[in-house]
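Residue numbers (my numbering): -7 to 269. Just so you know, even glycine gets a beta-carbon here, dropped at the ideal spot from N, CA and C. No experiment lies behind these values; they were computed from the predicted model shown. The structure appears right after this line, and notes come after that.
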């Protein structure tokens, strides 16, 4: 498991491109038949992926980093499949997870195994895990079952659909909040005007992005912005003090996840476009 430390905004002002990417950018989420995990000290979130192809992938524990006997002993996890049809086995119970379907796995679940139905079209399970103080039932949900809403308009190039999957009014969790935003064709901007939420960190994972396209992910304090160039199936860590917005060279989809003091999706501190520098 790779480790990332928390960064103070005064330090980040001095980072060059290489250092920004070292601290916040996660370039590889999926690797065939591997489990890839990154632990950030921003609210102890773990970001990663499992891509079973020719064999199953098992959720293993890093004793040194987590100090527990099994991964979800004191954690919960959200899983969204962005690949072909797959199966997640939780303590012997199988859950079929198709493309863009979500599985929440509660604290105390001991054995988690990832499988693909077809090796030619392997599943790609994107994972987010946060510390949990309470156990909630393992639950599957879909975009059709999610609390969804339409935001933006084509005039401002930000027409998009937001699906809230793990949240206060949906699949219940101790602190993890997770969902998906899909930009419609011809739209490139997300979350603009920008905002921060100092009570919660966030992670983004961009996908459905053509190979010849990029997303310019904006971060930093409103008065001291920075950017990171993102490509398909890459993730970025957003500290609680940072804005998190982006613009693509085409439309795209991204998964967002949050951990922190509350689960209120609308707990945001708005930032006027006029404030950005």
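Going by Cα to Cα distance, which pick from 124, 108 and 123 is closest to residue 117?
The residue you call residue 117 lines up with position 125 of the chain shown. Residue 117 has its Cα closest to that of 108, out of 124, 108 and 123.
Anyone know if the C-beta pair for residue 183 and residue 233 falls short of 9 Å?
What you label residue 183 is simply residue 191 of the chain shown in a count that begins at 1. What you label residue 233 is simply residue 241 of the chain shown in a count that begins at 1. In this structure, residue 233 does not lie closer than 9 Å to residue 183 by Cβ.
In three-state terms, what does DSSP make of residue 137?
Here residue 137 refers to the residue found at position 145 when the chain shown is read from its first residue. Three-state result, residue 137: coil.
What is the DSSP secondary structure of residue 11, reduced to helix, strand or coil?
Here residue 11 refers to the residue found at position 19 when the chain shown is read from its first residue. The answer is helix: DSSP assigns residue 11 an H, G or I state.
Taking only runs that begin and end inside the region 29 to 75, name each unbroken beta strand (DSSP E) of 3 or more residues, in chain order.
38 to 42 and 67 to 73
What span of residues does the beta strand (DSSP E) with residue 190 cover, start to end?
Along the chain shown, one-based indexing puts residue 190 at 198. That residue, residue 190, is in no beta strand (DSSP E); it is neither H nor E in DSSP.
Check for me: the alpha helix (DSSP H) holding residue 179 runs from which residue to which?
Position 187 of the chain shown, counted from the first residue, corresponds to residue 179. Careful: residue 179 lies outside any alpha helix (DSSP H) and carries neither H nor E.
Could you tell me the alpha carbon to alpha carbon distance between residue 289 and residue 245, rounded to whole angstroms?
Outside the displayed span of the chain (-7 to 269) sits residue 289, for which this structure offers no information.
Quick one: grab the DSSP three-state call for residue 262.
As a position in the chain shown, residue 262 is number 270, starting the count at 1. Here residue 262 sits in strand by DSSP.
Residue 270: buried (16+ other C-beta within 10 angstroms of its C-beta) or exposed?
The chain is shown only over -7 to 269; residue 270 falls outside these bounds and no answer can be derived.
Excluding the 5 residues preceding and the 5 following residue 12 in the sequence, name in chain order all residues of the same chain whose CB lies nearer than 7 Å to its CB.
As a first step, residue 12 is located in the chain shown; it is residue number 20 there, counting from the start. Around residue 12: 218 and 220.
Please identify the residue among 106, 14, 204 and 190 whose C-alpha is closest to the C-alpha of residue 84.
Within the chain shown, numbered from 1, the residue matching residue 84 stands at position 92. Closest option to residue 84, Cα to Cα, is 106.
With a cut-off of 8 Å on the beta carbons, I'd call residue 123 and residue 67 a contact; round off their distance for me.
Position 131 of the chain shown, counted from the first residue, corresponds to residue 123. Position 75 of the chain shown, counted from the first residue, corresponds to residue 67. Confirmed, Cβ separation roughly 6 Å.
Take every Cβ of the region 249 to 258, pair it with every Cβ of the region 203 to 217, and state whether three or more of those distances are shorter than 8 Å.
no
Residue 156: buried (16+ other C-beta within 10 angstroms of its C-beta) or exposed?
As a working mapping, residue 156 is identified with position 164 in the chain shown. Buried, by the Cβ-count rule.
If you drop the 5 nearest sequence neighbours on each side, which residues of the same chain put their C-beta closer than 6 Å to that of residue 82?
For the purposes of this step, residue 82 is identified with residue 90 of the chain shown, where counting begins at 1. Closer than 6 Å at Cβ, skipping near neighbours: 97, 101, 104 and 130.
Hey, could you find the ends of the beta strand (DSSP E) residue 120 is sitting in?
To locate residue 120, count along the chain shown from 1; it is residue 128. From DSSP, the beta strand (DSSP E) with residue 120 extends over 117 to 123.
Applying the 10 Å Cβ sphere with the 16-neighbour rule, what's the burial state of residue 227?
Within the chain shown, residue 227 is the residue found at index 235, counting from 1. Residue 227 comes out buried.
If you drop the 5 nearest sequence neighbours on each side, which residues of the same chain put their C-beta closer than 6 Å to that of residue 176?
Here residue 176 corresponds to residue number 184 of the chain shown, with the count starting at 1. The answer, listed in chain order, is 151.
For residue 60, is the classification buried or exposed, using 16 other Cβ atoms within 10 angstroms of its Cβ as the cut-off for buried?
By 1-based counting over the chain shown, the position of residue 60 is 68. Flag for residue 60 reads exposed.
Please say whether residue 160 and residue 125 have beta carbons closer to each other than 9 Å?
Looking up residue 125 in the chain shown gives position 133. Looking up residue 160 in the chain shown gives position 168. Not closer than 9 Å, so no.
Is residue 4 closer than 9 Å to residue 216 when the C-beta atoms are compared?
One-based indexing of the chain shown puts residue 216 at position 224. One-based indexing of the chain shown puts residue 4 at position 12. Yes.
Go ahead and pull the three-state DSSP assignment for residue 235.
Position 243 of the chain shown holds residue 235. Residue state, collapsed to three classes: coil.
According to DSSP, is residue 86 helix, strand or coil?
Here residue 86 refers to the residue found at position 94 when the chain shown is read from its first residue. Collapsing the DSSP output to three states places residue 86 in a strand.
Taking 9 Å as the threshold (C-beta atoms), are residue 235 and residue 210 in contact?
Translated into the one-based positions of the chain shown, residue 210 becomes position 218. Translated into the one-based positions of the chain shown, residue 235 becomes position 243. Their beta carbons are under 9 Å apart, which means residue 210 touches residue 235 by this criterion.
To the nearest angstrom, how far is it from the Cα of residue 49 to the Cα of residue 43?
The residue given as residue 49 occupies position 57 in the chain shown. The residue given as residue 43 occupies position 51 in the chain shown. Looking at the two C-alpha atoms, the distance is approximately 7 Å.
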